Amino acid sequence: MMNPAMSDDSSLINQLTDRYGRKVTYLRLSVTDRCDFRCHYCMAEEMTFLPRAEVLTLEECLRLARVCTELGVNKIRITGGEPLVRRNVLWLLERIAALPGLRELTLTTNGSQLERYAAALKQAGVARLNVSLDTLDAGRFHSLTRVGNLERVLAGLAAAYAAGFAAIKLNTVMMRGFNDDELGALAQFAIERGFDISFIEEMPLGEVGHARRDTYYSAADALAGLQPRFALLPSTESSGGPARYWRVPHSPTRIGFIAPHSHNFCADCNRVRVTCTGELYPCLGQNEKIDLRTPLRTGVDDTPLKQALMQAMNIKPQGHDFDVRTAKPQVMRFMSVTGG
Numbered sequence: 016m017m018n019p020a021m022s023d024d025s026s027l028i029n030q031l032t033d034r035y036g037r038k039v040t041y042l043r044l045s046v047t048d049r050c051d052f053r054c055h056y057c058m059a060e061e062m063t064f065l066p067r068a069e070v071l072t073l074e075e076c077l078r079l080a081r082v083c084t085e086l087g088v089n090k091i092r093i094t095g096g097e098p099l100v101r102r103n104v105l106w107l108l109e110r111i112a113a114l115p116g117l118r119e120l121t122l123t124t125n126g127s128q129l130e131r132y133a134a135a136l137k138q139a140g141v142a143r144l145n146v147s148l149d150t151l152d153a154g155r156f157h158s159l160t161r162v163g164n165l166e167r168v169l170a171g172l173a174a175a176y177a178a179g180f181a182a183i184k185l186n187t188v189m190m191r192g193f194n195d196d197e198l199g200a201l202a203q204f205a206i207e208r209g210f211d212i213s214f215i216e217e218m219p220l221g222e223v224g225h226a227r228r229d230t231y232y233s234a235a236d237a238l239a240g241l242q243p244r245f246a247l248l249p250s251t252e253s254s255g256g257p258a259r260y261w262r263v264p265h266s267p268t269r270i271g272f273i274a275p276h277s278h279n280f281c282a283d284c285n286r287v288r289v290t291c292t293g294e295l296y297p298c299l300g301q302n303e304k305i306d307l308r309t310p311l312r313t314g315v316d317d318t319p320l321k322q323a324l325m326q327a328m329n330i331k332p333q334g335h336d337f338d339v340r341t342a343k344p345q346v347m348r349f350m351s352v353t354g355g
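Throughout, this note's numbering is defined as the position within the sequence shown, counted from one, plus 15.
Shown next as structure tokens:
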């Protein structure tokens, strides 16, 4: 079925809409595949990073963001790798934040650089931060990240709060036998600081050295463990992403669950991901992609780029079909390649 927006150049409409009538209003844009951590669920311990010539320039990232906003995208999340290791990333953030039609610019980070950059991120126009935090135990943290320092991340969170970020969300990937005994403590940590927190089922992306079915911990199990302790109340709120939220009484904190295995969220999917090399993935859990780097580098006319974006709407699948029972990862690229 052809998207009507693809019929000819003159009929390009001001909205990205897929074959199933879902409007794409959310772009997750990776600016680097590099990271200063080596988290087990995200990448291998020995990584070969991309040559710089293959990575989109900041100017190309800005042009892509502008064109996407012209086609109806109103929320952009900057991801990596670790986006704050990208040189001059603040230049990009300031200019994306100023794009007409953009409602919200957000950033996902591992927190390692936050103490240094928090105030500058706020000044640049970043509205919300998502910070990965999978454990409050320093030894476990170092084991999971292979190189990370928990105290540095906690200092970064404190700096972000001091910089005036009213919307800080923690992201916790749940892993049976590793941190499933800490979910209550992590929720309490968020509540005490007024942060939101999302608990995420581990996704089968890339060969990371363990069978994910062995470490899988479901959102249902997490909710069952947390609900008696915190008297959670169901909520219909959304942050624009896949999390389903519960409210903590007498607290601003929301506890969310992202459950790609046990509670498929694809019916409401409003997002696409673009890698740092300009590959657009309409679905995190599938392999189909569209090359955006070529139209970005072949001239100043935006029409070929818009046509490529429209083409992506025609290959966006109805769902990802993750299956925790599968021994091998269903998608061989690492999470760090696609963008968090």
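Where a beta carbon is used, it is the ideal one built from N, C-alpha and C, also for glycine.
On a predicted model such as this, the values are computed, not experimentally measured, just so you know.
With 16 other Cβ atoms within 10 Å as the buried cut-off, status of residue i
i      : result
VAL315 : exposed
ALA181 : exposed
LEU185 : buried
GLN30  : exposed
SER250 : exposed
ALA237 : buried
SER253 : exposed
ASP211 : buried
SER127 : buried
PRO310 : buried
THR313 : exposed
GLU166 : exposed
LEU248 : exposed
ASP149 : buried
ARG288 : buried
N-terminal and C-terminal residue of the beta strand (DSSP E) that residue i is part of
i      : result
MET218 : Taken as a continuous stretch (DSSP letters only), MET218 belongs to no beta strand (DSSP E), as it is neither H nor E.
MET190 : Per DSSP, MET190 belongs to no beta strand (DSSP E) and is neither H nor E.
ASN145 : 143-147
ALA271 : It is worth fixing the name first, because residue 271 is Gly in this sequence and not Ala. Here the beta strand (DSSP E) through GLY271 covers 269-273.
LEU172 : First-last for LEU172: 165-177, but that is the alpha helix (DSSP H), not the beta strand (DSSP E).
ARG43  : 41-45
Local conformation of residue i per DSSP, three classes
i      : result
TYR296 : strand
THR377 : Within the shown structure, residues of the chain are numbered from 16 to 355, placing residue 377 beyond reach of any answer.
GLY240 : helix
PHE156 : helix
TYR35  : coil
TYR56  : coil
ARG102 : coil
ASP283 : helix
LYS304 : coil
ASP316 : coil
ARG288 : strand
PRO264 : coil
ARG259 : strand
Sequence-distant residues of the same chain with beta carbon closer than 7 Å to residue i, five excluded per side
i      : result
TYR35  : GLN333
ILE206 : VAL263, SER266, THR268
GLY192 : THR230
ALA170 : GLU130
CYS76  : LEU44, VAL46, LEU107
Test item: CB-CB of residue i and residue j under 7 Å
i      : j      : result
TYR56  : LEU99  : no
ILE91  : LEU120 : yes
ARG101 : THR47  : yes
LEU37  : CYS284 : Per the sequence shown, residue 37 should be read as Arg rather than Leu. Result yes, Cβ atoms of ARG37 and CYS284 sit closer than 7 Å.
SER147 : THR94  : no
GLU109 : ALA139 : yes
ASN89  : THR123 : no
THR84  : LEU114 : yes
ASN164 : PHE52  : no
LEU299 : ALA323 : no
ALA175 : ILE183 : yes
ILE111 : ALA80  : yes
is_contact[residue i, chain C] using C-beta, thresh 7 Å
i     : result
PHE52 : No chain C appears in the structure shown, which is made up of a single protein chain.
Run of the alpha helix (DSSP H) containing residue i, from where it starts to where it stops
i      : result
LYS137 : 129-139
LYS90  : Here LYS90 belongs to no alpha helix (DSSP H); instead the beta strand (DSSP E) covers 90-94.
ARG118 : Here ARG118 belongs to no alpha helix (DSSP H), and DSSP marks it neither H nor E.
LEU201 : 198-208
ARG161 : Counting along the chain, ARG161 falls outside any alpha helix (DSSP H), and DSSP gives it neither H nor E.
LEU77  : 73-85
Same chain only: Cβ atoms within 6 Å of residue i, ignoring 5 sequence neighbours per side
i      : result
GLY224 : Low confidence applies here, because GLY224 scores a pLDDT of 49, under 50, leaving its location unreliable and the question unanswered by this model.
ILE273 : SER213, ILE215, PRO257, ALA258
ASP33  : MET328, LYS331
GLY271 : SER213, ALA258, TYR260
GLY179 : LYS137
GLU69  : THR292
LEU201 : THR187
TYR232 : MET189, ARG191, ASP195
Cβ shell of residue i (< 8 Å), same chain only, five flanking positions each side left out
i     : result
MET17 : Per-residue confidence for MET17 stands at a pLDDT of 41, beneath the threshold of 50, marking its modelled position as unreliable; the derived number appears in the next sentence. If we look at MET17 and ignore the five residues flanking it on each side, its Cβ neighbours are ASN329.
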